[in-house]
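Undergrad: Below is a structure I'd like to ask you about.
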Ligand code: T5A
């Protein structure tokens, strides 16, 4: 594959969206964007930011069903149904967005990918990990990230950041954010277990610092890899 896939993972309010934007800015400022552009086929972006769920038109509809508590009028979705919806979003995303861009050389910055399903549906909900891995395999066609940045922080700190964004407790736009604290602690354990199992792919970033400090940690991880990928 010509391109590279960098994934940002973590619990609620870890700062993934913030960091992916800062990373894109840094790539432009430091000259990497121009360098990557020399590797990319015409009409494709050197750097693409995308996300799961919701990185495609189909995915935007699935995202609304999954996260908006008002979409179904009911906060509870059956665990297996939820798992299959995330898998459907991923299958479409991989087939129609990730693979075509990687084949043309783009560097993709993806907000969440397969490890989120293992952490949230596996460790958080307690669904069968082998089944999740099989579904991930089908949905991704075997595509793994080249690097996964796991933004790790205390559950309470992440949740308080999301509450600051929505200070009114009556405004609950994200179904996942409404779960009890133990759910979030279990999924953090899930990310920890994954980082231990795949140390070559997953790098833990201490996300409890300021956004600027977290960005510096990410740049330090990425700089040597970019030199290797785009000599
Ligand atoms: N999900 C997803 C599954 O259950 N299974 C799956 O397979 C997949 C793919 C996605 C939800 O779906 C679940 C996980 C999620 O619950 P989402 O809206 O994409 O929903 O939710 P998140 O990915 O959690 O997005 P958030 O926006 O809530 O969190 P981010 O992106 O990690 O955080 P960000 O950057 O938006 O920052 C949150 C707030 O904190 C501030 C920001 O300004 C913002 O207000 N902030 C900081 N404050 C202090 N210090 C820092 N370092 C800060 N960085 C950011």
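In the working numbering, the protein residues as written are 70 to 300.
Quick reminder that beta carbons are idealized off the backbone N, C-alpha and C, glycines included.
None of these values were measured; they are calculated from a predicted model.
Taking all protein chains shown into account, do 16 or more other C-beta atoms lie within 10 angstroms of the C-beta of residue 115, making it buried, or fewer, making it exposed?
TA: So residue 115 ends up on the buried side.
Undergrad: So is residue 183 buried or exposed if we call it buried at 16+ other beta carbons inside 10 Å?
TA: Classification for residue 183: buried.
Undergrad: Any heavy atom of the ligand T5A within a distance shorter than 7 angstroms of the CB on residue 85?
TA: Residue 85: yes, Cβ under 7 angstroms from the ligand T5A.
Undergrad: Who are residue 84's beta bridge partners in DSSP?
TA: Beta-bridge pairing links residue 84 to no other residue.
Undergrad: Using the three-state DSSP reduction, which class does residue 79 fall into: helix, strand or coil?
TA: Residue 79 falls in the strand class under three-state DSSP.
Undergrad: Would a C-beta distance cut-off of 8 angstroms place residue 79 and residue 276 closer than the cut-off?
TA: Yes, the pair counts as a contact, with Cβ atoms nearer than the cut-off.
Undergrad: Does the Cβ of residue 192 lie closer than 7 angstroms to at least one heavy atom of the ligand T5A?
TA: Not under cutoff, so the answer is no.
Undergrad: For the ligand T5A, any of its heavy atoms closer than 7 angstroms to the Cβ of residue 136?
TA: The answer is yes for residue 136.
Undergrad: Suppose you measure from the CA of residue 127 to the CA of residue 95; what does that come to, to the nearest Å?
TA: Rounded to the nearest angstrom, the two C-alpha atoms are 31 angstroms apart.
Undergrad: DSSP three-state call for residue 273: helix, strand or coil?
TA: Residue 273: strand per DSSP, three-state reduction.
Undergrad: Smallest Cα separation from residue 214: which of 256, 185, 105 and 82?
TA: The candidate whose alpha carbon is nearest that of residue 214 is 185.
Undergrad: Let's see if you can read the secondary structure: which residues bound the alpha helix (DSSP H) around residue 224?
TA: Taken as a continuous stretch (DSSP letters only), the alpha helix (DSSP H) holding residue 224 covers 224–234.
Undergrad: What does the Cβ neighbour count give for residue 175, buried or exposed, with the cut at 16 atoms within 10 Å?
TA: Flag for residue 175 reads buried.
Undergrad: Mind checking which residues open and close the beta strand (DSSP E) that includes residue 107?
TA: Careful: residue 107 lies outside any beta strand (DSSP E) and carries neither H nor E.
Undergrad: Any heavy atom of the ligand T5A inside 7 angstroms of the beta-carbon of residue 81?
TA: Answer for residue 81: yes, Cβ within range of the ligand T5A.
Undergrad: Note down, one range per segment and in chain order, each alpha helix (DSSP H) of at least 4 residues found wholly within the segment 162–230.
TA: List check, alpha helix (DSSP H) in window: 168–172, 183–186 and 198–209.
Undergrad: Note down the Cα distance separating residue 241 from residue 133, rounded to an integer number of angstroms.
TA: Since pLDDT at residue 241 reaches only 49, below the 50 mark, its modelled position is unreliable, and no value is offered.
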